[in-house]
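Accompanying notes for the structure given below.
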Amino acid sequence: MLIPYMVICFIFGALFYFTKNIILISAVLSALFLTFYLGKRSLALFLAAFFVFGYISSYFQNEDTEHKINKLMRFNKVEGYVVDKYNNNVLITNFKENYKILVNLKQARVGVGDYLIVNSNILLLPNYSKRFYYSKGIIAKANIINFKVQEKNNIITFLIKNKYRLIEKLLDIDKISGAFLSGILFGYTKNIEDDYYKIFDELGITHILAVSGFNLGIIYLFFNKIFSNFSYILRKILTLCICFIFVFIAAFEASILRAFLMIVFLNIARFLKRPSSSINNMFLAMLLMLIRNIFLIFNGGFIFSFGATLGILLLNSYFKKYNDDISASISTFLFTFPIVLLYRGYFSLLSLMINILISPFVAFLTVASFISTTLYFIFEFDFILYFPLYLGRIFINFLKVIQDYNVLFYFNINYVTLFSYYFLIIINFVFVKLKNKRILNYVLGSILLLSILYKPNNLLISFINVGQGDSIFIETPNRHCILIDTGPSYLDYLAAESKVVPFIKKRGYNKIDLFIITHPHKDHFSGFDYILKNFHVKRVAASFKISNVDFLYLVKGDKILVDNVELDVLYPQNIIYKDDKNENALVLSLKYKDFSMLLPSDADLDNIDLESKVYDIIQLPHHGSINSMGLDTIKNYHFRNAIISVGKNNFGHPSVLLLDYLKDSGIKFYRTDVNGNILISTNGKKYFVKGDWNDSE
């Protein structure tokens with residue numbers, strides 16, 4: 001069982017390269033020293049070598065990615081196959097040089113499977129999201145200048161075009177069920193409507209929309225049977241080749257690539273007549289995938305896939321008195337629900353029961369869908385697809401009924417809770433014969449309980465990266481919360497849906513104590529109804545009339561207290577009835593003990609004479625516009641940090657003159673378009689500001 005420890009050390013080495021976390025390296029060095037001290041010197045040195053290997057591999061992969069980006073920017077030329085198309089973007093994959101580019105083609109007539117040669121302006125990915133994009137192989141975005149389609153007739157274009165031809169046919173017959181089956185068969189979920197995806201998400205069953213080892217297992221067994229009259233070696237080679245084609249069609253998603261590699265390792269062991277360990281095979285698959293793309297350690301799908309598999313391999317035998325579906329569901333749930341909490345902030349109390357209940361049906365539906373689509377590919381009669389589509393529609397209607405009785409548990413899990421939970425699992429289910437296990441259980445159990453009960457005495461203020469707009473989420477030390485504005489909407493983007501609601505839920509909240517709207521411009525107000533639909537909101541406050549909602553009017557002199565957090569209204573002077581100009585937006589002062597912050601939204605501070613001009617932090621008004629806070633005005637204010645909530649726009653925000661002033665004055669500033677979500681944490685005396693904030697921290 002040496003391989004798992006090797007891979008874990010490799011991952012720690014990679015994490016240390018990216019995070020430079022002193023606690024992480026201290027823990028690793030302590031473990032290696034203990035191993036060395038206990039007399040296992042060769043083992044300690046071997047594991048240390050894999051830690052270094054992980055660090056070096058991360059360095060070279062990161063450098064290689066930067067080299068590819070620089071090369072693309074130097075020539076401003078992209079070429080490759082169109083492997084996906086949505087909205088105004090196409091995803092181009094260059095298999096030869098191993099990169100993907102997201103290209104904005106707008107109204108250009110391009111088909112999936114076409115080979116494009118594009119002259120373009122290469123755009124760097126923002127720091128806050130590039131690791132996620134890199135984990136999917138996407139290294140940059142691009143705006144098109146011109147392009148041409150090059151004729152290519154090969155196996156790649158054949159597979160890509162027929163995959164999407166099949167998806168389009170499923171959608172054409174039944175849009176709702178077709179989108180669901182596209183997820184089961186290919187892991188393609190872009191056509192699932194938001195309301196339906198929300199049902200899968202809140203019931204904790206989105207994993208069935210990702211192609212997995214089960215799907216690949218069906219294909220493997222099916223073709224293994226088809227080729228049963230062939231010699232053993234030829235049968236296995238042909239079957240594995242077909243499995244690889246399916247992995248390619250599924251875009252090398254982490255879950256199916258893991259399953260494919262595990263099947264390959266199993267067959268190699270059988271061919272060599274050697275014993276095979278599923279856990280070793282899983283960790284070997286993980287190692288190979290990380291050597292190919294180290295950024296997968298930041299990919300939630302990768303983490304969940306391996307976590308679920310490891311849970312089954314480690315825990316399944318303890319529930320063997322139940323049937324396979326039940327034991328697998330229990331094992332997966334126990335091992336992955338902390339990961340679900342980390343990434344979503346909630347899980348369904350019905351999740352375990354639902355997964356047990358639907359497993360046989362989903363298995364049958366997957367088999368039926370695979371057989372039907374294979375037959376359709378040969379004969380091209382629409383009626384062949386009717387049966388699985390009908391089953392899919394029944395299944396979705398069943399989930400809609402269950403959703404009415406669903407209960408969500410919200411909890412903001414921290415890393416101490418996470419690691420102590422997994423250490424308890426490992427000690428009790430893996431190292432069963434460990435000496436002094438009872439003492440370790442008491443210690444870890446106490447740490448787990450204390451980490452759950454512990455409430456840091458800090459005020460948290462988060463500027464959510466919503467694009468060109470504002471949305472601020474405030475968490476008090478006693479877990480009450482305030483939301484100020486909802487962000488913008490344009491085309492098919494609603495910030496409240498895409499960014500704000502997921503952020504708040506991920507922080508472990510299902511209600512909002514105070515909801516403030518600064519003014520009714522769409523970059524602040526567009527998601528108002530969506531917020532009310534998704535949360536229990538105790539109080540709504542604004543300086544203008546909001547129809548059909550009970551709300552609190554705010555004018556200068558008003559004070560709002562939530563716990564010990566004080567919000568003072570500094571502007572406007574009177575209630576606003578009609579005029580919705582930026583100049584009449586709410587100006588708020590936030591105070592917590594000795595800490596103070598100015599939140600002027602889009603107000604014109606050039607024409608508003610505030611009594612206090614001394615703050616720890618100021619949010620620059622109107623996304624950093626110099627027309628709302630000119631140089632003469634900003635020089636009258638005294639502050640140490642500035643926040644700018646801004647996105648891609650054509651309005652010249654933020655002002656270069658203001659940015660130059662901040663730089664020359666030594667004032668540290670953060671921008672949501674560059675730094676992503678921005679966190680301010682304060683105990684009322686000291687504070688820190690952090691960009692690129694992962695809201696699971």
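Numbering (UniProt numbering), first residue to last: 1 to 697.
In this text, a Cβ means the ideal position worked out from N, Cα and C, and glycines have one as well.
Nearest-angstrom Cα separation, counted from K77 out to L91: 15 Å
Buried versus exposed call for M6 [16 or more other C-beta atoms within 10 Å across all chains shown]: buried
Cβ-heavy atom distance, F271 to the ligand HEM, below 7 Å: With respect to small molecules bound, the structure shown includes none, and the ligand HEM cannot be examined in it.
C-alpha distance - I504 paired with L605, whole-angstrom precision: 30 Å
Start and end residues, beta strand (DSSP E) containing N104: 99-104
Proximal residues to L440 (C-beta, below 6 Å), its chain only, five neighbours per side dropped: I427
L185 versus L491: straight-line alpha-carbon distance, rounded: 30 Å
Secondary structure of L554, DSSP reduced to three states: coil
Neighbourhood of L257 by C-beta distance below 8 Å, restricted to the same chain and skipping five residues each side: V247, A285, M289
Of the listed residues D616, A585, F473, nearest to D602 (C-alpha basis): A585
Neighbour-count burial assignment, N70, 16 or more Cβ in a 10 Å radius: exposed
Nearest residue (CA-CA) to L72, options N121, V52, L116: N121
F51 versus L29, K161, E63, K40, residue with shortest Cα-Cα distance: L29
Distance, N414 Cα to S696 Cα: With a pLDDT of 48 at S696, under the threshold of 50, the predicted position of this residue should be treated as unreliable, though the coordinate-derived value follows. For S696 and N414, the distance between alpha carbons rounds to 7 Å.
Short CB-CB distance (under 8 Å) between S255 and chain C: No chain C appears in the structure shown, which is made up of a single protein chain.
Y81 versus K141 - alpha carbon distance: 15 Å
Spatial distance of T486 from K236 (CA atoms): 55 Å
Buried or exposed by the 16-neighbour rule on C-beta atoms within 10 Å, applied to P388: buried
Pairwise C-alpha distance: G676 and I128: According to the sequence provided, residue 128 is Tyr. The question's Ile does not apply to it. Their backbone Cα atoms lie some 5 Å apart in a straight line.
DSSP three-state assignment for L138, whether helix, strand or coil: Checking the displayed sequence, the identity of residue 138 turns out to be Ile instead of Leu. Strand, per DSSP.
Alpha-carbon spacing of L561 relative to K668, whole angstroms: 29 Å
Rounded Cβ spacing between G301 and I339 (contact assumed at less than 8 Å): Not confirmed; about 11 Å, so no contact.
Cutoff 7 Å; reference V367; Cβ partners in own chain excluding five residues on either side: I218
7 Å Cβ shell around V688 - same chain, five flanking residues per side excluded: With the sequence shown as reference, residue 688 is identified as Phe, and Val is not the correct amino acid for it. The residues are S681.
R539, enclosing beta strand (DSSP E) - first and last residue: 536-542
For A44 and N53, the rounded distance between their alpha carbons: The question names Asn, but residue 53 in the sequence shown is Phe. Computed Cα separation, rounded: 14 Å.
Residue from Y196, T239, D84, I139 with nearest C-alpha to K161: D84
One or two residues paired with I461 in a DSSP bridge: I474, I680
Under 8 Å between C-beta atoms of N119 and I145: yes
Close beta carbons around S327, own chain, < 7 Å, minus the five adjacent residues each side: N316, F319, K320
Integer-rounded CB distance, given that L679 should sit under 8 Å from I644: 15 Å between Cβ atoms; not a contact.
Cα-Cα separation, L554 to R165: 56 Å
8 Å Cβ cutoff met for Y637 and I608: no
Length-filtered (3 minimum) beta strand (DSSP E) runs lying within the stretch 301-383: 346-348
Y670 beta carbon less than 8 Å from that of G691: yes
Continuous beta strand (DSSP E) stretch holding S589: start and end: 587-592
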